[in-house]
Amino acid sequence: MRTSHRAILTALLLPPLLLLTACSDEGTTAPHADAVGQQSIGGDVALQELPPIHVEVLTNRHVFKDDVAIQIRNKPDGRRTGVANVRDASHLVVAKITIQPGARFPWHTHPGPVAVAIAEGEFRFIYADDCVRRDYSGGAFIDLGQDVHMAYNPSDEVTVAIATFFGVPAEGPLTIPVSPEEGEALDAQCGFEPAVAHAH
Numbered sequence: 013m014r015t016s017h018r019a020i021l022t023a024l025l026l027p028p029l030l031l032l033t034a035c036s037d038e039g040t041t042a043p044h045a046d047a048v049g050q051q052s053i054g055g056d057v058a059l060q061e062l063p064p065i066h067v068e069v070l071t072n073r074h075v076f077k078d079d080v081a082i083q084i085r086n087k088p089d090g091r092r093t094g095v096a097n098v099r100d101a102s103h104l105v106v107a108k109i110t111i112q113p114g115a116r117f118p119w120h121t122h123p124g125p126v127a128v129a130i131a132e133g134e135f136r137f138i139y140a141d142d143c144v145r146r147d148y149s150g151g152a153f154i155d156l157g158q159d160v161h162m163a164y165n166p167s168d169e170v171t172v173a174i175a176t177f178f179g180v181p182a183e184g185p186l187t188i189p190v191s192p193e194e195g196e197a198l199d200a201q202c203g204f205e206p207a208v209a210h211a212h
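All letters in the sequence shown, in the order written, are residues 13 to 212 by the working numbering.
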């Protein structure tokens with residue numbers, strides 16, 4: 013059974029502070045009272061509470077051994093071609109992101125481009141400047157990192173994404189949320205009701 017659009021619009025919003033923690037080099041395993049899922053632990057599947065968006069960092073901030081610069085050109089349907097030039101790609105991070113049903117990221121940007129593969133489930137991506145809900149379920153896409161955007165799981169099943177972050181800083185967050193005021197304004201602009209933050 014699919015969730016209603018209203019349920020999606022009132023989905024969980026991961027608070028910016030938690031998102032900053034989630035996107036550090038430490039994977040998040042802090043319990044969340046409203047999202048319970050199964051996770052494999054040492055080969056055994058055990059019931060464990062998971063946050064709405066669980067980030068498991070698969071690599072440390074690996075440094076390219078060679079001098080690597082990246083140019084990525086990306087043209088999402090209905091948009092002009094965007095270009096990301098990363099003169100010093102330096103650090104690379106790969107993360108597995110598990111998104112619970114209805115959960116969504118806050119509006120944000122990134123220090124550099126991100127290549128994302130949706131390994132399981134449904135996924136919608138929205139740029140702040142056009143509010144179009146782009147469906148990347150079962151596919152892959154490039155997030156140039158420079159445009160403010162958000163994403164969410166519109167279904168009643170778990171979504172799993174594998175994200176490769178390029179040109180990340182030696183330390184600091186991989187995701188940079190906008191201010192709460194700007195986030196509220198973008199929610200209103202793009203037709204999202206204010207997200208509900210649940211107690212942790």
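The beta carbon of each residue, even a glycine, is placed where N, CA and C say it ideally should be.
Beta carbon of residue i nearer than 8 Å to that of residue j
i, j, result
"D78", "T121", "no"
"Y148", "I174", "no"
"F135", "T176", "no"
"P123", "G157", "yes"
"G133", "S167", "yes"
"V98", "R73", "no"
Residue i to residue j span [Cα, whole Å]
i, j, result
"S191", "N165", "22 Å"
"F153", "V128", "5 Å"
"F137", "V144", "8 Å"
"E193", "W119", "11 Å"
"R91", "D155", "13 Å"
"G179", "L70", "16 Å"
"A269", "E183", "Missing from the structure shown is residue 269; the chain here goes from 13 to 212 and no further."
"C202", "D141", "9 Å"
"A81", "D89", "26 Å"
"F76", "Q83", "16 Å"
Residue i, DSSP secondary structure in three states
i, result
"G157", "coil"
"D199", "helix"
"P63", "coil"
"E68", "strand"
"E132", "strand"
"H44", "Since pLDDT at H44 reaches only 28, below the 50 mark, its modelled position is unreliable, and no value is offered."
"E194", "helix"
"R146", "strand"
"L104", "strand"
"F204", "coil"
"A152", "strand"
"R3", "Nothing in the structure corresponds to residue 3, since the chain is present only between 13 and 212."
"Q112", "coil"
"T187", "coil"
"F137", "strand"
"G124", "coil"
Other residues of its chain near residue i: CB distance less than 7 Å, five sequence neighbours each side excluded
i, result
"D56", "Reliability fails at D56, whose pLDDT of 38 lies under 50, so the model's placement of it is uncertain and no value is given."
"D37", "Per-residue confidence for D37 stands at a pLDDT of 41, beneath the threshold of 50, marking its modelled position as unreliable; the derived number appears in the next sentence. Within the same chain, D37 has close Cβ partners V69, N72, R73."
Cutoff 6 Å; reference residue i; Cβ partners in own chain excluding five residues on either side
i, result
"F117", "M162, A163"
"V95", "R85"
Classification of residue i by the beta-carbon crowding that lies within 10 angstroms, buried from 16 upward
i, result
"P181", "exposed"
"G151", "exposed"
"G54", "Unreliable placement is indicated for G54, whose pLDDT of 35 sits below 50; no coordinate value is reported for it."
"V126", "buried"
"D187", "Looking at the sequence shown, residue 187 is not Asp but Thr. Burial call: buried."
"A200", "exposed"
Nonlocal neighbours in the same chain, by C-beta distance under 8 Å from residue i, ignoring five residues either side
i, result
"T93", "R85, N86, K87"
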